[in-house]
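The next block holds one structure in the form of structure tokens; read it before the comments.
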Amino acid sequence: MHTGEVRVSPHLPFGGDHCSMLKAAGLTTPKSQWMWLPVSVYLIEHPNGRILVDTGWHREMNPDGVYDLKAQIKSLGSWQLYMVNQGRLPKGQAVDEQLAAMGLKPSDIDYVILSHLDCDHANGLRLVKEAKHILVARAEMNNIRKGITECIRYQRSWWEGVGLELFDWNGNEGPVGHSFDLFGDGSVVMVNIPGHCEGLCAVKVKNADGKFVLLFSDGGYARKSWERMITSGVCQDKRLQRQSLQWIREQSLSPDCLESLANHDPDIKPHIIEL
């Protein structure tokens with residue numbers, strides 16, 4: 000599902016290895032050159048329950064379904080964050096609204112799993128706070144306490160009143176050997192792909208035949224990211240970001256990979272995948 004869009008400088012998703020934070024933040028790029036990208040969330044129908052990956056924007060970003068500067072700054076929690084990325088969320092596209100259109104309530108969701116805590120992934124958390132379990136990596140929660148940049152990047156108000164459950168790594172899959180197997184059977188595994196941020200996770204959904212779908216969140220911003228090894232402009236560790244992107248590339252080229260999806264790829268349309 001697409002839960003609205005985010006507007007960013009083109010250097011933020013596709014800045015490459017030598018992109019400065021100023022360029023990534025869009026401070027050197029006219030607004031006319033900025034781009035709107037989709038904000039994706041994923042609903043997984045699994046034999047062990049319904050799983051929602053990420054939550055997109057909260058309706059309070061655009062209360063009337065149209066671009067609203069004042070409401071966005073309030074929802075994002077800071078002017079600085081608004082200056083880096085803006086969102087628009089048409090009526091009917093908030094995650095709870097799309098679930099309702101499917102006949103589902105937030106309480107029907109067994110697990111909400113967060114790839115990381117950036118605004119366009121966690122801002123909508125309170126819309127699904129009645130889900131049975133809401134999970135985020137302990138490494139990501141620890142990451143938000145690290146410095147001034149993180150204090151701007153993450154706002155606790157997004158998960159205020161939400162019963163977040165922290166998980167520790169219980170496996171060694173992925174580029175740095177950190178993963179979390181949700182059900183203990185390899186069917187849904189959160190794989191740590193650090194670089195963009197320390198606790199960033201891809202979600203690997205695999206069937207009994209070994210075929211899988213990879214949801215690699217912000218490990219890259221589009222298919223061309225892993226095809227051409229284009230790192231994004233926003234990162235905490237460029238070396239780890241490239242290492243993670245190389246792993247995404249290897250997974251995406253595997254003959255067992257049915258689809259490999261970035262969260263913000265403008266070429267991806269909402270669709271259903273059967274495993």
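With the first letter of the sequence shown counted as 1, position 231 gets the number 230 in numbering that gives the first Met the number 0; the numbers rise by one all the way through.
Cβ atoms here follow ideal geometry from the backbone N, Cα and C, with glycine treated the same way.
- The beta strand (DSSP E) runs of length 3 or more contained entirely in the region 152-196 are, from start to end of the chain, 163-166, 178-180 and 187-191.
- Assigned with DSSP and collapsed to three states, GLU273 falls in coil, not helix or strand.
- DSSP links GLY48 through a beta bridge to HIS45.
- Distance check between THR2 and each of MET20, ASP53, LYS22 and PRO46 places ASP53 closest, using alpha-carbon atoms only.
- Taken through DSSP and simplified to helix, strand or coil, CYS256 comes out as strand.
- Taking C-beta atoms as the reference points, ILE108 and ALA130 count as a pair closer than 7 Å.
- For ILE133, the beta-bridge partners assigned by DSSP are VAL111 and LEU163.
- Around the beta carbon of GLN154, 16 or more other beta carbons sit within 10 angstroms, so the residue counts as buried.
- Taking a cut-off of 8 Å on C-beta distances, the region 206-215 does not touch the region 155-166, as fewer than three cross pairs fall below it.
- Residue pairing for LYS205: DSSP places it in a beta bridge opposite PHE211.
- Beyond the five residues adjoining it in sequence on each side, GLU59 comes within less than 7 Å, by CB distance, of ALA70 and SER74 in the same chain, given in chain order.
- Shortest Cα-Cα distance from GLY173 to any of GLN250, GLN32 and ARG152 involves GLN250.
- Along the length of the region 20-107, whole beta strand (DSSP E) runs at least 3 residues long occupy 34-39, 41-45, 48-52 and 85-87, reported in chain order.
- Here the region 233-250 makes contact with the region 193-206; the two share three or more CB pairs at distances below 8 Å.
- DSSP places HIS10 in the helix class (H, G or I) of the three-state scheme.
- Counted as a single uninterrupted DSSP element, the alpha helix (DSSP H) harbouring LYS223 occupies residues 222-227.
- Distance from the CA of ILE271 to the CA of GLU258, rounded to the nearest whole angstrom, comes to 11 Å.
- At the C-beta level, GLY123 and GLY198 stay beyond 7 Å of one another.
- Judged by DSSP secondary structure, GLN235 falls outside any alpha helix (DSSP H); it is assigned neither H nor E.
- Pairing LEU51 with GLY232 gives a Cβ-Cβ distance that is not under 7 Å.
- Taking LEU113 as reference, the option from SER39, PRO89 and GLY91 with the minimal CA-CA separation is SER39.
- Under the DSSP definition of a beta bridge, HIS1 partners with SER39.
- The beta-carbon distance between PHE179 and GLY170, rounded to whole angstroms, is 7 Å. This is short enough to meet the 8 Å contact definition.
- If you look at HIS263, you'll find it isn't in any alpha helix (DSSP H); DSSP assigns it neither H nor E.
- Within a 10 Å sphere around the beta-carbon of GLU44 sit fewer than 16 other beta-carbons, which makes this residue exposed.
- If you draw a straight line from the Cα of LEU244 to the Cα of MET228, it is about 7 Å long.
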